[in-house]
Amino acid sequence: MTEGPRIGQDEWVARSAENIGRHPLLRAADRVPGWARLLLFVVAVALIPLITDDGYINAVVFDTLIFCLLAVGLNVVVGWGGLLDLGYIAFFGVGAYTYAILSSEKFDLHLSSLVVMAICVILGALLGLLVGLPSWRLSGDYLAIVTLFVYQIFISIVTNGHDLFGVDLTGGVNGIANLDPFDLFGIEIVVSKDGIFNSNYVYVALGVFLVVFTALYLVNHSRIGRAWRALREDTLAAELMGMPTDWLKLLAFAFGAAVASLTGSLFASLKVGVFPETFSLTLLITVYAMLILGGVGSQTGAVVGAVVVYVFLEALRDPDVSGWVFYLAALVALVLVVRPRRMIAVVLAATAVFGFVVHAIAGAIDPDWTTSAPPDADAVTRFLDAWVVIPQTPGDAKTIAYIGLIALILLATTVKGIWRWAVLVPTLYLAAFVWENVMSQQPDVTRFVLLGALLVGVMVTRPSGILGERRVEVV
Amino acid sequence: MDYDQFFQTIVNSATLGSTYALIALGYTMVYGILKLLNFAHGDVFMVGAYVGFGVLTLFGGAIDPSISIWLVLLLMALAAMAACAVLGVVIERFAYRPLRDAPRIAPLISALGVSFFLSYSVQLLFGAEHRTYDSFNMAGGKLYEPAVTIGSFSISWLRVIGIVAALVLMLLLWLLVARTRIGKAMRATSIDRDAAAMMGIDIDRVIMFAFVLSGALAGAAGVLFALRTDVYPQMGFTPGLFAFTAAVIGGIGSIPGAMLGGFLLGTVEALTVTYLTQWIGIPVGLSNLVIFSLLIVFMLVRPQGILGRPDIKKV
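Chains A and B supply the protein sequences, listed in that same order.
Take 285 as the starting number for the first sequence in our numbering and just add one per residue.
Take 27 as the starting number for the second sequence in our numbering and just add one per residue.
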């Protein structure tokens, strides 16, 4: 909700009042010093390739680190600078394309990866300065829309880049393929060893992450970081205090863009090629969701958000575990929403009974409405098939159930008292129905539906995210 | 100079512009009252196109409808308008209302989430494939027959219907805002929300009404747009972006401004696609680059738009 501190309340008082309200686990985590948390994260990630040599897991770890970097970079612009930058992914793309152009067969340039990265950082920062220029005249929504235009310009350049006045720069829709792998002082790190993802890439990404995270941490605790926060809270007041607000805005854009561009080059060094469709709006919104969930303005939050969201998205893609993830997420949502907690058991029991009743009625009306599991299926599948109605030809029932589910969820958030319990039971059952009949068949789409819902849900219930600083307005 | 091509471009820009204007009106009304950039508006428009498709299928499709095709067309538009009006109200109630007093960035992000949720929900339920109203076969190809002929040049019924329907809707909206009690309340709220509330205007009702209107216009625009192009889950993004820009160009918050901006942007887009690419000799694919660069320059030079007043911040 948007209660915030009361008018006239001191910032320090508000902060400590907030601490009292924080969950004990979070408060304990607050006491761990920043460097220790970072060290813990780095060690944990570094251990993963040692424990498992599963190429898929290591690739996921690498991608998670990429997203951590993106979220941390976005946090500079959005979280610290308070500037809504919807063109952020364009810088990521610029970095990736720069790597692809300078280090592939395309123009037969094979620069060393570290040199390319340095170029990407400088190029990204310069472009960030350029794109940040409109922030001198525009703010809020207007700035957001102009940065979105910049993103559109980037996309139309790369998709039509196979014929830029006769020069083939980006290869158009086909992108640029056959990129050089990452090399460290002349030693190439091959992407896959015997068809398995080379876990050394995890260490490369981890190194970059450590450098970027520390650098940004230091910036945030310098004069510049404090000035950014002042800028975010009240641009006018900051200006009156003598801060060069225009330059500070540009600096925020430049830092964010440089991080995104650097991440782009790292990302490209691993991939076989870069294509325009990689840099979609979906990617932008995913990174936003990470930052929002973790908490805008908190570096740790950005990393936590990136890890949670990316692992969640990957798990939903795997058909073996996606069901577990969905039901677990539903249970977690229940635990967070239902008070008092002892009612959870009641609700679950009621839902189970409700399900068997509905299943029995549906089966009695028309046997085609239910599916019976093969006898050799495991216990969970047998339970689900005896509980959830799975019509053999769902047809329009899918659409109706889906819309009904949304309506029920929204209803459950508005009604109070006994009615809430009454609504919650069919909602849960319908959620299971929709999952089994619609969502589980298209995990690739489902994960983004859930991401969109998550974004709205987090914004409405807890705009500060898991670890974000609550905005304090002192009047 | 090729006059046929020139007239064709003008008609194209009017059809395109009328759709943009309808969507832009939705943006401008919501922005005027809530100061919120409703990112999900483009996706409401997309849902309108799908509702139209559903109604068309319900009556047997374009080739062999069970009732008169003109009646089906009307029903499609009405159903889309009703559904989108409801959708708009639901979005406002659950995604924006809790954030009404939050920092400006919060409802924007919530709107991004709604937009994402809507387009992927539609993809989940109906698939990512492109569908078409098959308007070429509607009424035995009547829609593509010329309605007006001037010399060697003619305008098809399809375009006439699109432009006329949009103009009628805009006229209705204009009357509603200028002449009715609720319209007056809307204008008062957009000037100063707090003062309006103190004068006894029910702000929640006014905001809801603005979303009803903006949703209905988007629904109608969705059906009109889909008569000419494909229907797919991400179809709302580009028209939505253009229409928002149209609203900004005309002066956001100003209703005549949104209409003017819509037609202006339609003209710029049609002219750029036809002529500018020819003259400068850049590939057609890059016409977006020209359009967006022009828009950025315009936003920088005159962010308050043509008919808008600059938003002066008082301390």
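Yeah, the Cβ is synthetic: ideal placement off N, Cα and C, and Gly gets one too.
With three or more CB-CB distances shorter than 8 Å, the segment 540-558 of chain A counts as touching the segment 402-409 of chain A. Proximity of the segment 236-254 of chain B to the segment 188-206 of chain B meets the contact definition, three or more beta-carbon pairs being nearer than 8 Å. The alpha-carbon of Ile350 of chain A is positioned some 9 Å away from that of Leu490 of chain A. With contact defined as three or more Cβ pairs closer than 8 Å, the segment 286-301 of chain B and the segment 259-278 of chain B are in contact. In this structure, Val742 of chain A lies away from Ile473 of chain A, with their beta-carbon atoms at least 8 Å apart. Per DSSP, Phe469 of chain A lies in no beta strand (DSSP E) segment and is marked neither H nor E. Closest by C-alpha distance to Pro678 of chain A, out of A:Asn444, A:Val580, A:Thr654, A:Ala670, is A:Thr654. The segment 572-589 of chain A makes no contact with the segment 414-433 of chain A, as fewer than three CB pairs between them are under 8 Å. The three-state secondary structure of His446 of chain A, taken from DSSP, is helix. Around Leu202 of chain B, no beta-carbon contact reaches into chain A at under 9 Å, the shortest distance being about 26 Å.
With distances taken between CA atoms, Asp127 of chain B lies nearest to B:Arg219 out of B:Gln260, B:Arg219, B:Phe142.
Contact between Lys533 of chain A and Leu367 of chain A is confirmed by a C-beta separation of about 6 Å, below the 8 Å threshold. The alpha-carbon of Tyr485 of chain A is positioned some 8 Å away from that of Leu554 of chain A. Closest in C-alpha terms to Ala192 of chain B, from the list B:Asp30, B:Pro124, B:Leu99, B:Ala247, comes B:Ala247. Taken atom to atom, the span from the alpha-carbon of Tyr76 of chain B to that of Val98 of chain B is near 14 Å.
Out of A:Trp705, A:Phe732, A:Leu565, the CA that lies nearest to the CA of Arg625 of chain A is found in A:Trp705. In summary, Ser94 of chain B is exposed, with fewer than 16 beta-carbon neighbours lying within 10 Å of its beta-carbon over all protein chains present.
DSSP places Phe79 of chain B inside the alpha helix (DSSP H), whose first and last residues are 67-84.
Look at Leu453 of chain A here: in three-state DSSP terms it is coil, with no helix or strand label. Under the 10 Å beta carbon count, Ala663 of chain A is surrounded by fewer than 16 other beta carbons and is classified as exposed. In this structure, Val673 of chain A sits away from Val707 of chain A, with a CB-CB distance that is not shorter than 8 Å. CA-to-CA, the gap between Thr298 of chain B and Val442 of chain A works out to about 20 Å. CA-CA distance, Ala106 of chain B to Gly74 of chain B, rounds to 5 Å. Exposure of Gly153 of chain B is indicated by the presence of fewer than 16 other C-beta atoms within 10 angstroms of its C-beta. Against chain B, the beta carbon of Gly749 of chain A has no neighbour under 8 Å; the closest one sits roughly 11 Å away. Spanning the alpha carbons of Ser147 of chain B and Phe263 of chain B requires a straight line of approximately 15 Å. What Phe85 of chain B touches in chain A, judged by beta-carbon distance under 9 Å, is nothing: the nearest beta carbon there is about 15 Å away. Less than 8 Å divides the Cβ of Gly365 of chain A from the Cβ of Ala536 of chain A. The alpha-carbon separation between Thr45 of chain B and Ala511 of chain A amounts to approximately 45 Å. In the structure shown, Phe179 of chain B adopts extended strand secondary structure according to DSSP, grouped into three states. Excluding residues up to 5 positions away in sequence, Gly277, Ile278, Gly279, Ser280, Gly283 lie with their Cβ nearer than 7 Å to the Cβ of Gly334 of chain B in the same chain. Burial check for Thr215 of chain B: the Cβ neighbour count within 10 Å reaches 16 or more, so the residue is buried.
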